[in-house]
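In order, the protein sequences belong to chains Z and F. For the first sequence, our numbering assigns the number 3 to the initial residue and increments by one for each residue that follows. For the second sequence, our numbering assigns the number 13 to the initial residue and increments by one for each residue that follows. Just so it is clear, CB atoms sit at the ideal spot from N, CA and C, and this is done for glycine as well. A quick note: this is a predicted structure, and the numbers were derived from the prediction, not measured.
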Amino acid sequence: MKKIYLHPMTVRICHWINAFSFLVLIVTGIQIRYRDVIKVTSFRTAVDIHNIFGFILIFNFCLWLIYYLVSGKFKVYIPTFSLKGFVTGCIRQARYYGYGIFVGEENPHHSTPDNKFNPMQQVAYLNIMVLFIPLQIITGILLWDLKGFAYWIGLAGGVKIVDSVHVLLYLFFTSFLFVHVYLATLGHTVGEHIKAMFTGYEEVPERGHSH
Amino acid sequence: MSRFYDEVVVASGTSVEMSRDKSGRANHESSLTDDRPARFQKIRTAGIVVLGPLSGLLFICLLPLMSLLIVVTLLSKMASASDVMQSEEAAMCMGCHASQDVVKTFGNKEKMSVHISERHFKDSVHSFLACTGCHSKVSMDDHPSAKYASRREFAVQISQACKGCHSNEQLMVKPMHRAAISRSNAPPCSECHGSHSIRKSAGWKEAASTSQYCLTCHKKDLSTSVNGETLSLMIDEKLLRGSVHSSHECSHCHSEYSKTTHPLGEFKNKRELSIAFSGVCKGCHADKYQQHQGSIHASLLRQGNRNAPVCTDCHGAHTVGPKLLAETLSGTPCRKCHESTFEAYKSSVHGQAKMSGNTHAPICSSCHSAHQVKPALASRSPKATCFGCHKDAAALHKEWLPNADLHLDAIACTACHVPEAEHTVYLRVTDSKSGASIEKAKLKEYLGSGYNDLTGARANGLDDKNLWDVYQQLSERKSAAGITGTIGLQDCNKSHSLASKKWAVRQCDSCHDANSKFFKTVVMAIIAPDGHEEHYAVNRAVLGSVITLLPINQFYAIGGTRLRFLDILGILMVFGGMSVPIVHLTLRFLTIPIREAKRLNKLRREGRR
């Protein structure tokens, strides 16, 4: 086993702020949208908290973006430019999650600080961080001040469409959270990835070993 | 006459006596002149020559004077004889009729004083007549007690006497008389002219104002009949004098009438007369008349609703009160037709303030305007009406209400400030640029046969597909139009029951909840030519339909009108996300033996080495 420094401090802080914000936004989102199903707080309280954590998330996202762009680490999100290599990598990774993991095969991807994500993670996180979260932020800001952004909302097709996009992404993030947390338990041990997200260091088996 | 002859006789006698006296003296003088006969003879001759012609001349001059004296004396004797006759009859009549206490009771128990004012009668144009000149059935010997059913019947009967002197032909010269005579229920002469105190019109007509002249007749209980309707022609002088038009003469409004002309009005019925006469007000109040032309009332009138109010319906005809009176609870004319609305207003914070004496508190015209009366705009243009007075309302709402401007655009003030009322979502086809509702005629033009998609009768109201069709047709023919929505009250009367702001809805949950009562009913509102809105039921499911994502893209309350499609998709996505770890973990659990076997095989292979 060897220890590698996989998650720098900034990334870890961003991650946990993100994680907490997401949880709060999901819960308050339920309170805003599904009041006829579950009613814990008032609508006003739910909206206020949702707005606060929305802005925290925006701030955090900007921090993350600046860090990754300045440090040059953003490339970890960029899949290989070789289509064949990317498709092969995805199939190999999908085969592992769909078959190999059950028969005790070794994870084809070995995380290093420069190559942190497998091809499937790359395509998923790239979409999430570059497309979905910015879109969620934009729609969130538009919904925060409907009158002030009336022009832009009009361009987007109306408040109903803007909110539908926001809710659609909200549902995606909520459902993805289950997958994300589960996948986080598929490390060398159940808590290895999670521990690494606190310490920065992850214990990985020596190349050639598998458990 | 005898006195006249007596006097004449006496005068002749005197003349004769004088003649005797002269001759006597002459005789005496002739006895004295016997001594101087020639001298006296000359003097006598000269006297005869001079005095003779002088006496003749004097006699000729006195003759006409004496004749005139005789005629005057004769006439005065004749008049004196008539006076004697009339005064005897009058004295006899006035013996009773001078008393103020004598009263005649008619068959209908109506009472009438039979008192005659001697002074007024003597001043009247008929003072030369004896009582029996008109009251022919009565004489100094007989006073039959006639029985009349009513005072009017008595007046009609007695007025027949007028015809004795005033022939129909003579009366027909005046149009009003001509009209009156031709009617079976014409008022008796005495109704206008009075009875015992009729004065010659030349004596007072010129001095009287036009109004005084008109009121001579019109302050009496006059009426006319038009197509079976009775139109009172009586003007209450007191009310007229108390109106804001008290300084005007009748002819200022009734310009074709004057002290010399009185044409006969021609109109189909009383209502048409009122409508026609409303044009008269325009003469002075052109601005108000123009405002009225732009009102819902004038619009209804133009469409053929002859009961739609015109000037006199609100202001009265001859009793026009001051503006301030119309702004009082008892004086506002709107309550006459809009009674239930007015009752709702009285219960409101505005009505209560008015009742407590706050003269600045709004009343009907404060919101609807006095002349350019518009239909209720509360659900169409929520802010416009209330913000006219509540200028700080927007700022006050911003203090606590997120997206206050948006709320104030989409929600009628009444929706929150009449908390107990039922709500409705009003959908409208509006111009995308101006935001103004597109009127019915334009809408028909834009939609063609597709207009029926909006108005066709359906059991459950318009559905999402209908709205989609409308949206598509609008996009094809008029791209700058869309369907917008506002929240208002179901019953416009309730809009007037505004409560104190401490009772207003402040909880966001009231709207932002799928079970909110604000979204229970939905209608499509189309502005008819008269300004009224026609409402067509819409199935409330359209608010949550994904098909209306584009057609109704601007009306949306988070949590209140959410899309059902996203609800279903959300359940699938979340359960899908949860199922990944569950299924994967289950498979991993089930495949533990495979991995265990593989691990043992591997250990075994490593052990062999």
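(message) Our contact map puts PRO81(Z) next to ARG94(Z) with C-beta atoms below 8 Å; I'd like the distance itself, whole angstroms only.
(response) The residue labelled residue 81(Z) in the question sits at position 79 within the first sequence. The residue labelled residue 94(Z) in the question sits at position 92 within the first sequence. PRO81(Z) to ARG94(Z), Cβ: 13 Å. No contact.
(message) I'd like to know whether the C-beta of ASN472(F) is nearer than 8 Å to at least one C-beta of chain Z.
(response) In the second sequence, residue 472(F) corresponds to position 460, counting from 1. No, because no Cβ of chain Z sits closer than 8 Å to the Cβ of ASN472(F).
(message) Using the three-state DSSP reduction, which class does LYS5(Z) fall into: helix, strand or coil?
(response) In the first sequence, counting from the first residue as 1, residue 5(Z) sits at position 3. The answer is strand: DSSP assigns LYS5(Z) an E or B state.
(request) Please go through the same chain and pick out, in chain order, the residues whose beta-carbon is closer than 7 Å to the beta-carbon of SER263(F), but skip the five residues on each side of it. (result) What you label residue 263(F) is simply residue 251 of the second sequence in a count that begins at 1. Cβ within range, chain order: THR222, TYR269 and SER270.
(message) Could you tell me the alpha carbon to alpha carbon distance between PRO431(F) and CYS425(F), rounded to whole angstroms?
(response) Position 419 of the second sequence, counted from the first residue, corresponds to residue 431(F). Position 413 of the second sequence, counted from the first residue, corresponds to residue 425(F). In a straight line, the C-alpha of PRO431(F) is about 10 Å away from that of CYS425(F).
(request) Determine the closest residue to HIS138(F) out of TYR160(F), SER213(F) and ARG470(F), with distance taken between C-alpha atoms. (result) As a first step, residue 138(F) must be located in the second sequence, where it is residue number 126. For the residues TYR160(F), SER213(F) and ARG470(F), the minimum Cα distance to HIS138(F) belongs to SER213(F).
(message) For the beta strand (DSSP E) containing HIS547(F), name the first residue and the last one.
(response) On the second sequence, residue 547(F) is found 535 positions in, with the first residue counted as 1. Unbroken beta strand (DSSP E) run through HIS547(F): 545-550.
(request) List the residues of chain Z whose Cβ lies closer than 7 Å to the Cβ of GLN485(F), in chain order. (result) As a first step, residue 485(F) must be located in the second sequence, where it is residue number 473. Chain Z residues near GLN485(F): none, gap ~19 Å exceeds 7 Å.
(request) Taking all protein chains shown into account, decide if ARG440(F) is buried (16 or more other Cβ within 10 angstroms of its Cβ) or exposed. (result) Position 428 of the second sequence, counting from 1, holds the residue named residue 440(F). The residue in question, ARG440(F), is buried, as its Cβ has 16 or more Cβ neighbours within 10 Å.
(request) Helix, strand or coil for ALA365(F), going by three-state DSSP, please let me know. (result) Mapped onto the second sequence, residue 365(F) falls at position 353. Note: ALA365(F) maps to helix in three-state DSSP.
(message) I'd like to know whether the C-beta of VAL592(F) is nearer than 8 Å to at least one C-beta of chain Z.
(response) Indexing the second sequence from 1 puts residue 592(F) at position 580. Chain Z, which has a Cβ nearer than 8 Å to the Cβ of VAL592(F), makes this yes.
(request) Identify which residue in GLN519(F), TYR568(F) and CYS520(F) has its Cα closest to the Cα of THR496(F). (result) Along the second sequence, one-based indexing puts residue 496(F) at 484. Per the Cα distances, TYR568(F).
(request) Could you please tell me which residues of the region 523-542 of chain F, in chain order, have their CB closer than 8 Å to any CB of chain Z? (result) HIS524, ASP525, ALA526 and ASN527
(request) Quick one: list the residues of chain Z neighbouring TYR568(F), beta-carbon separation under 7 Å, in chain order. (result) Locating residue 568(F) in the second sequence gives position 556, where the first residue counts as 1. Here the neighbours are VAL161, LYS162 and ASP165.
(message) Is it buried or exposed, ILE247(F), if we count other Cβ atoms within 10 angstroms and call 16 or more buried?
(response) Here residue 247(F) refers to the residue found at position 235 of the second sequence. Label assigned to ILE247(F): buried.
(request) Taking only beta carbons into account, state which residues of the region 77-106 of chain Z come closer than 8 Å to chain F, listed in chain order. (result) TYR99, ILE103, PHE104, VAL105 and GLY106
(message) Here's the rule: buried if 16 or more other CB atoms are within 10 angstroms of the residue's CB, otherwise exposed. What is ARG35(Z)?
(response) The residue given as residue 35(Z) occupies position 33 in the first sequence. That one is buried.
(request) At 7 Å on the CB atoms, spell out the chain F contacts of LYS149(Z), in chain order. (result) Your numbering for residue 149(Z) matches position 147 in the first sequence. ASN415, ASP417 and LEU418, listed in chain order.
(message) Once the 5 residues before and after HIS195(Z) are set aside, which same chain residues still bring their CB inside 6 Å of it?
(response) Along the first sequence, one-based indexing puts residue 195(Z) at 193. Closer than 6 Å at the Cβ level, and outside the excluded window around HIS195(Z), lie ALA186 and GLY189.
(message) Tell me whether the region 309-316 of chain F and the region 271-286 of chain F touch, counting them as touching only if at least three CB pairs, one residue from each stretch, are closer than 8 Å.
(response) no
(message) Any beta carbon of chain F sitting closer than 8 Å to that of VAL181(Z)?
(response) Looking up residue 181(Z) in the first sequence gives position 179. VAL181(Z) counts as touching chain F.
(request) Report yes or no: do three or more beta-carbon pairs, one from the region 552-572 of chain F and one from the region 148-167 of chain Z, lie closer than 8 Å? (result) yes
(message) What does the alpha-carbon distance come out to for the pair ALA373(F) and GLN502(F)?
(response) Along the second sequence, read from residue 1 onward, the residue named residue 373(F) stands at position 361. Along the second sequence, read from residue 1 onward, the residue named residue 502(F) stands at position 490. Using only the alpha carbons, I get a separation of about 25 Å.
(message) Could you give the first and the last residue of the continuous alpha helix (DSSP H) run that contains LYS477(F)?
(response) Here residue 477(F) refers to the residue found at position 465 of the second sequence. Run containing LYS477(F): 476-489, per the alpha helix (DSSP H) assignment.
(message) Counting only Cβ pairs nearer than 9 Å, list the residues of chain Z close to HIS409(F).
(response) Reading the second sequence from its first residue, position 397 is the one you call residue 409(F). Simply none; closest approach about 12 Å.
(message) Less than 8 Å between the beta carbons of GLY119(F) and SER148(F), yes or no?
(response) In the second sequence, the residue the question calls residue 119(F) occupies position 107. In the second sequence, the residue the question calls residue 148(F) occupies position 136. Cβ atoms of GLY119(F) and SER148(F): not closer than 8 Å.
(request) Could you tell me the boundaries of the alpha helix (DSSP H) in which SER286(F) lies? (result) Position 274 of the second sequence holds residue 286(F). 282-293 is the span of the alpha helix (DSSP H), which, as asked, contains SER286(F).
(request) For ALA356(F), count neighbouring Cβ atoms within 10 angstroms of its own Cβ and tell me buried if that reaches 16, exposed if not. (result) Stepping through the second sequence from its first residue, residue 356(F) is reached at position 344. Classification for ALA356(F): buried.
(request) Leaving out five residues on either side along the sequence, give the residues of the same chain with a beta carbon under 6 Å from the beta carbon of TYR184(Z). (result) For the purposes of this step, residue 184(Z) is identified with residue 182 of the first sequence, where counting begins at 1. There are no such residues.
(message) Could you check whether the Cβ of ASP116(Z) sits closer than 8 Å to any Cβ belonging to chain F?
(response) Translated into the one-based positions of the first sequence, residue 116(Z) becomes position 114. Cβ-Cβ to chain F under 8 Å: no for ASP116(Z).
(message) Counting only Cβ pairs nearer than 8 Å, list the residues of chain Z close to ASP325(F).
(response) Residue numbering aside, residue 325(F) sits at position 313 when the second sequence is read from its first letter. Going along chain Z, no residue has its Cβ under 8 Å from ASP325(F), so there is no contact; the nearest lies around 44 Å.
(request) Evaluate contact between the region 526-545 of chain F and the region 44-62 of chain Z, counting only Cβ atoms and requiring at least three cross-stretch pairs below 8 Å. (result) no
(message) Could you check whether the Cβ of ILE375(F) sits closer than 8 Å to any Cβ belonging to chain Z?
(response) To locate residue 375(F), count along the second sequence from 1; it is residue 363. Output row for ILE375(F): interface = no.
(message) Run through the DSSP bridge pairs and tell me what GLY500(F) is partnered with.
(response) Numbered from 1 along the second sequence, position 488 holds the residue referred to as residue 500(F). GLY500(F) pairs with THR436(F).
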